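In the working numbering, the protein residues as written are 3 to 253.
Built from N, CA and C at the ideal position, the CB exists for glycine as well.
From a predicted model like this one, the values you see are computed outputs, not experimental measurements.
Down below is the structure, laid out as structure tokens.
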Amino acid sequence: MRKNIVAGNWKMNKNLQEGIALAKELNEALIADKPNCDVVICTPFIHLASVTPIVDSAIIGVGAENCADKVSGAYTGEVSAEMVASTGAQYVILGHSERRSYYGETVEILEEKVKLALANNLTPIFCIGEVLEERQAEKQNEVVAAQLASVFTLSAEDFGKIVLAYEPVWAIGTGLTATPEQAQDIHAYIRSLIAEKYGQEVADNCSILYGGSCKPSNAKELFAKPDVDGGLIGGAALKVSDFKGIIDAFK
Ligand code: PEP
């Protein structure tokens with residue numbers, strides 16, 4: 003069956019020393035009080051090699067927030083999936099709305115990134131979600147269906163290795179959260195698309211996380227929905243008490 007996962011996305015926050023301190027504090031808190039779900043922290047690239055050895059890998063997975071759409075070579079400033087994997091990281095967030103909107107990441111670019119991540123044994127946490135105008139026009143289903151094109155060219159075996167995150171863009175960092183019913187409706191729709199494409203078993207085994215202003219006070223209600231398998235957490239992942247409060251929603 004699918005896993006419940008709480009994954010943090012640190013974004014461009016915390017310098018190296020602060021990031022190491024945050025990872026250590028989280029590690030200690032989760033060793034003292036073991037989580038009932040998988041926990042992942044996705045950090046800036048420069049933190050990865052320092053953070054992976056200091057967390058207990060049986061409790062906390064580590065991931066990047068992006069990787070290049072090319073294997074290697076003259077791509078100044080880029081970081082390849084192979085480089086990410088060489089730090090000991092096991093995950094990579096791909097298709098985050100901030101990458102799509104600020105850095106022009108398209109369905110095709112993301113398809114390449116997902117394939118390279120999988121080729122390097124990284125688990126992509128693949129993000130999809132609509133902007134406010136699309137939600138207001140009730141186009142959210144069409145939008146997520148189109149975004150899934152990046153991962154619907156995978157074999158069923160490879161698709162089975164990815165994690166999805168539904169993140170309505172209007173809820174990211176805004177304090178607005180999708181209601182548990184809104185989250186459930188679209189998660190169920192996403193799962194129905196997976197079932198159509200790959201069959202019910204693959205759909206049932208796919209973890210679909212919710213992201214967008216998730217906090218300790220709303221996590222339990224969101225995660226209680228049958229098709230919501232955890233969360234991708236931005237702001238609240240930067241403070242151990244908040245992140246752990248969300249993780250504890252599974253207790
Ligand atoms: C995110 O950026 O993936 C996110 C969900 O952010 P926040 O929790 O801050 O809304």
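Find the nearest neighbour of Ala151 within the set Glu140, Gln138, Ala139, Leu166, judged by alpha-carbon distance.
-> Leu166
Member of Val94, Lys199, Ala238 whose CA lies at the smallest distance from the CA of Pro218 | Of the candidates Val94, Lys199, Ala238, the one whose C-alpha sits nearest the C-alpha of Pro218 is Ala238.
Use the C-beta contact count for Asp229: other C-beta atoms within 10 angstroms, 16 or more gives buried, fewer gives exposed.
-> Asp229 is buried by the Cβ-count criterion.
Grab the span of the alpha helix (DSSP H) containing Val116 for me, first residue to last.
-> 109 to 121
Who are Asp40's beta bridge partners in DSSP?
-> Ile7
How would you write the range of the beta strand (DSSP E) that Pro218 sits in, first residue to last?
-> It is not in any beta strand (DSSP E) - Pro218 instead sits in the alpha helix (DSSP H) that spans 218 to 225.
Exposure label - Thr179; buried when at least 16 CB within 10 Å = Label assigned to Thr179: buried.
Using the rule of at least 16 other Cβ atoms within 10 Å of the residue's Cβ for burial, across every protein chain shown, is Leu211 buried or exposed?
-> buried
Inter-residue CB distance, Phe245 and Lys199 (contact presumed, cutoff 8 angstroms) = Contact check for Phe245 and Lys199: beta-carbon distance about 33 angstroms, past the 8 angstroms limit, so the pair fails to qualify.
With distances taken between CB atoms, is the gap from Tyr93 to Gly131 smaller than 8 angstroms?
-> no
Does the Cβ of Asn11 lie closer than 7 angstroms to at least one heavy atom of the ligand PEP?
-> yes
Is Ser88 near the ligand PEP, going by C-beta to nearest heavy atom under 7 angstroms?
-> no
Within its chain, find whatever has a CB closer than 6 angstroms to the CB of Pro37; leave out the 5 residues flanking it on each side and keep chain order.
-> Ile249
Does DSSP put Leu234 in a helix, in a strand, or in coil?
-> Leu234 falls in the strand class under three-state DSSP.
What do you reckon, are the CB atoms on Glu27 and Val242 nearer than 8 angstroms?
-> yes
Taking buried to mean at least 16 other C-beta atoms within 10 Å of its own C-beta, is Gln215 buried or exposed?
-> Sequence check: residue 215 is Ser here, not Gln. Its Cβ being crowded by 16 or more others within 10 Å, Ser215 is buried.
Glu169 versus Asp206 - alpha carbon distance = 20 angstroms
Where does Asp231 land, buried or exposed, given buried means 16+ other C-beta within 10 angstroms?
-> buried
Over the uninterrupted beta strand (DSSP E) stretch that includes Phe128, give me the two end residues.
-> 125 to 130
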